[in-house]
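Residue numbers (the working numbering), protein chains in the order written: chain A, 88 to 231; chain B, 16 to 151.
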Amino acid sequence: MLTTELSPFISPMVREAVSTGAVTEARITRDYGRKDEAFQRWQTLIDDQLIEWGRDPSQLADEETQPPSKDTILRAILVARGLSRADCPAPTRIVADAHGGIVFERHEGNLFESIRLLADGSAEYCTFVNARLVDREFLPPHRG
Amino acid sequence: MPGHDGTEPVAKDELLYRRIPVSKRGYDQNGVSPEAFDPRKNETSGISFFRGKYKSIQEVAKGKSECGYYVAVLRAGDLIREDFEVVPRPNPKDPGHIELPALTCDNRRTPEAYERKVRLAKLCVRVEGPFPPTTD
Numbered sequence: 088m089l090t091t092e093l094s095p096f097i098s099p100m101v102r103e104a105v106s107t108g109a110v111t112e113a114r115i116t117r118d119y120g121r122k123d124e125a126f127q128r129w130q131t132l133i134d135d136q137l138i139e140w141g142r143d144p145s146q147l148a149d150e151e152t153q154p155p156s157k158d159t160i161l162r163a164i165l166v167a168r169g170l171s172r173a174d175c176p177a178p179t180r181i182v183a184d185a186h187g188g189i190v191f192e193r194h195e196g197n198l199f200e201s202i203r204l205l206a207d208g209s210a211e212y213c214t215f216v217n218a219r220l221v222d223r224e225f226l227p228p229h230r231g
Numbered sequence: 016m017p018g019h020d021g022t023e024p025v026a027k028d029e030l031l032y033r034r035i036p037v038s039k040r041g042y043d044q045n046g047v048s049p050e051a052f053d054p055r056k057n058e059t060s061g062i063s064f065f066r067g068k069y070k071s072i073q074e075v076a077k078g079k080s081e082c083g084y085y086v087a088v089l090r091a092g093d094l095i096r097e098d099f100e101v102v103p104r105p106n107p108k109d110p111g112h113i114e115l116p117a118l119t120c121d122n123r124r125t126p127e128a129y130e131r132k133v134r135l136a137k138l139c140v141r142v143e144g145p146f147p148p149t150t151d
């Protein structure tokens, strides 16, 4: 039997039924509220940005900076899916840095958090409060 | 500019410009990302800005990135007040070129550099663009 190979560049199936009022006035699907909003935000970032970057990384090329490789973009998609499934708050935005890395940023009041996926496969998590770095964790590249 | 060759000190009321590639998403409705100030490979002696008195925003925005550029606008006085040293580094092509030696490609992974990038993002007074890519 032919099967479609799973690829990070293809969106996963939708998590739940889409609510409509087609059959009954009252919605019979469950409302996940804020949790669902975060899921949708993650999904939008994955579908509209990361998968789009992965389809054509050359769009990030610039004469002065290094674009993220397909491997780094793939890693970003997998990390985004993992954080989304773990119900982590969605980032405010996802940015490409000047050295082939990808950064997930989240702002909330005076708090700023970033997860940087570096081109060498390592990752770094930082927390800033009022622009002061208060926490920094480094994850070396995964081997094997 | 008569009487000026770009070596004169940067005045507090001068506006400074830095180009941000649209494709990297360093600017959106949430404002400017600290990554707009990530030092590039060639910024070994300090990240670059351009003085508004020598170059228009449209000229700063010129470049070949497929999706074009935004231009972040900062006030020199804000940088000086935040203890950034603002150094004129004119060259024949860009007499209005300046650098911030506190933030370089070599020190970009230090805690101090990370904080400086976050502070610079907060100091942006506005962002212009997007401007389309150019071929020249």
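The beta-carbon is built from N, C-alpha and C at its ideal position, and this holds for glycine as well.
Source: prediction; values computed, not measured.
If one requires a minimum length of 4 residues, the alpha helix (DSSP H) runs lying completely within the region 118 to 174 of chain A are 120 to 131, 138 to 142, 157 to 172, in chain order. B/ASN106 is outside the set of residues whose beta carbon lies under 9 Å from a beta carbon in chain A.
The three-state secondary structure of A/VAL216, taken from DSSP, is strand. Listed in chain order, the alpha helix (DSSP H) elements of length 4 or more contained wholly in the region 104 to 150 of chain B are 126 to 138. For A/ALA177, no CB of chain B lies under 9 Å from its own CB, so it is not counted at the interface with that chain.
With a threshold of 9 Å between beta carbons, B/ARG90 makes no contact with chain A. Neighbours of B/GLU29 across chain A, judged by C-beta separation under 9 Å, do not exist; the nearest C-beta is about 23 Å away. Taking 9 Å as the threshold, the shortest C-beta distance from A/VAL166 to chain B does not fall below it. Relative to A/GLN153, the option among A/GLU124, A/ASN197, A/ASP207, A/VAL221 whose CA is nearest is A/ASP207. Under DSSP, B/TYR69 forms no beta bridge with any residue. Restricting attention to A/ASP149, A/PHE225, A/ASP158, A/PRO176, the CA atom closest to the CA of A/GLN127 is found in A/PRO176. The beta carbons of B/GLY111 and B/LYS70 sit closer together than 9 Å. The C-beta separation of B/ARG141 from B/VAL88 comes to about 5 Å, placing the pair in contact by the 8 Å criterion. Residue pairing for A/PHE191: DSSP places it in a beta bridge opposite A/ILE181, A/ILE202. In the displayed model, A/ASP222 falls within a strand according to three-state DSSP.
Inter-residue distance for A/SER171 and A/ALA163 is about 12 Å (C-alpha atoms, whole angstroms). The residue from A/GLY141, A/ASP123, A/ILE160 with its alpha-carbon nearest to that of A/ARG203 is A/ILE160. Counting C-beta atoms within 10 angstroms of its own C-beta, B/LYS56 has fewer than 16 neighbours from the protein chains shown and is therefore classed as exposed.
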